[in-house]
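For the sequence shown, my numbering assigns the number 207 to the last residue and increments by one with no breaks. Yeah, the Cβ is synthetic: ideal placement off N, Cα and C, and Gly gets one too. Structure, as structure tokens:
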Amino acid sequence: MKSIVILVSGRGSNMQAIVDAAIPGVHIAAIISNRPDAGALGFAAERGIASAVVDHKAYSDRTAFDAALVECIDRFEPDLVVLAGFMRVLTDDFVRRYDGRLINIHPSLLPSFPGLHTHRRALEAGVRVHGATVHFVTPTLDCGPIIVQAVVPVIEGDDEAVLGARVLAQEHRIYAQAVRWFVDGRLRLDEAGRVRVADAVFDAQAG
Ligand code: GAR
């Protein structure tokens with residue numbers, strides 16, 4: 001059994017997709033939010049999943065916040081830490097502590113559109129395809145080794161909301177897939193920092 005902790009800041013639809021995927025061999029040890037009002041916490045309570053809040057506003061700086069977050073995460077002894085709409089930039093020390101077992105989902109085809117407002121920027125740039133990326137987290141924001149991506153078309157007349165919803169549906173699918181690979185022992189970061197996926201048969205229906 002592999003234990004995972006999911007970090008959230010908001011509604012937590014990616015977290016829900018991972019929980020609902022009911023991946024064999026996965027124990028969701030806790031949902032941790034940096035915001036006390038995150039919708040994700042209600043879902044955790046409904047499902048009887050342990051949750052905790054580490055409110056970033058209670059800490060004087062990023063280092064103090066990350067230290068408190070580490071303490072909270074480590075109480076659950078996770079094999080994998082999953083960032084699911086966790087909207088805080090993490091310190092290098094935090095990222096290094098969970099090297100090879102910290103993953104994130106980002107709503108664009110990285111390396112295009114790191115950062116915020118990805119759907120608006122994709123529309124402004126006039127790209128024909130957009131999507132989502134699951135990657136290992138490294139100290140440089142949204143730059144870690146890519147695990148899996150999903151591509152969606154940009155369709156004439158799309159606005160940010162319509163395009164965002166099309167991307168989100170794919171996020172749910174590929175994030176559950178990546179977690180499944182990890183807990184099956186098929187996904188890892190090698191010594192050179194490259195992603196290795198053994199026998200990666202992509203299940204189009206997964207997630
Ligand atoms: C998702 O679209 C996720 O990719 C994005 O925030 C949203 C959270 O939604 N994450 C980032 O932008 C991180 N840079 P959710 O709370 O419903 O999963």
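Quick one: grab the DSSP three-state call for arginine 188.
Looking at arginine 188 - three-state DSSP - the assignment turns out to be strand.
Can you say whether valine 151 is buried or exposed, counting buried as having 16 or more other CB atoms within 10 angstroms of its CB?
Exposed, since its Cβ has fewer than 16 Cβ neighbours within 10 Å.
Assign alanine 198 to one of two classes, buried (16 or more other C-beta atoms within 10 Å of its C-beta) or exposed (fewer than that).
It counts as exposed.
By Cβ distance below 6 Å, which residues in the same chain neighbour leucine 102 in space, the five residues on each side in sequence not counted?
Correct list, in chain order: Val81, Val137.
Please name the residue in Leu83, Ile32, Ile49, Ser108 whose C-alpha comes closest to that of glutamate 71.
Out of Leu83, Ile32, Ile49, Ser108, Ile32 has the C-alpha closest to the C-alpha of glutamate 71.
Would you say the beta carbon of serine 13 is closer than 7 Å to some non-hydrogen atom of the ligand GAR?
Yes, Cβ of serine 13 sits closer than 7 Å to a heavy atom of the ligand GAR.
Distance, Cα to Cα, phenylalanine 94 vs aspartate 61?
Going by the C-alpha atoms only, they are around 14 Å apart.
Run through the segment 122–185 for me and flag every whole beta strand (DSSP E) of 3 or more residues, listed as ranges in chain order.
If we require 3 residues or more, the beta strand (DSSP E) runs fully inside the segment 122–185 come out as 129–136, 146–153.
Under the three-state reduction of DSSP, which class applies to glycine 207: helix, strand or coil?
Model confidence at glycine 207 stands at a pLDDT of 40, short of 50, so the residue's coordinates are unreliable; what they give is reported in the following sentence. Three-state result, glycine 207: coil.
Closer than 8 Å is the cut-off here; do at least three beta carbon pairs connect the segment 182–195 with the segment 29–44?
No, the segment 182–195 is not in contact with the segment 29–44.
Counting only the same chain and skipping the five closest in sequence on each side, list residues whose C-beta sits under 7 Å from that of arginine 97.
The answer, listed in chain order, is Val70.
Is alanine 106 near the ligand GAR, in the sense that its beta carbon is under 7 Å from a heavy atom of that ligand?
Note on residue identity: the sequence assigns histidine, not alanine, to residue 106. The answer is yes for histidine 106.
Can you tell me the Cα-Cα spacing of aspartate 92 and proline 139, whole angstroms?
So the alpha carbons of these two residues sit roughly 5 Å apart.
From alanine 40 to aspartate 20, what does the alpha carbon distance come to, in whole angstroms?
Cα-Cα distance, rounded: 13 Å.
On the CB-based measure, 16 or more other CB atoms within 10 Å of its CB, does aspartate 74 come out buried or exposed?
Exposed, since its Cβ has fewer than 16 Cβ neighbours within 10 Å.
Please tell me whether, using a cut-off of 7 Å, the distance from the CB of alanine 132 to the nearest non-hydrogen atom of the ligand GAR is below it.
Yes, the beta carbon of alanine 132 sits closer than 7 Å to at least one heavy atom of the ligand GAR.
May I ask you to report which of helix, strand or coil DSSP gives asparagine 34?
Correct three-state label for asparagine 34: coil.
Rounded to a whole number of angstroms, what is the C-alpha to C-alpha distance between alanine 159 and lysine 57?
Going by the sequence as given, residue 159 is aspartate instead of alanine. Cα-Cα distance, rounded: 33 Å.
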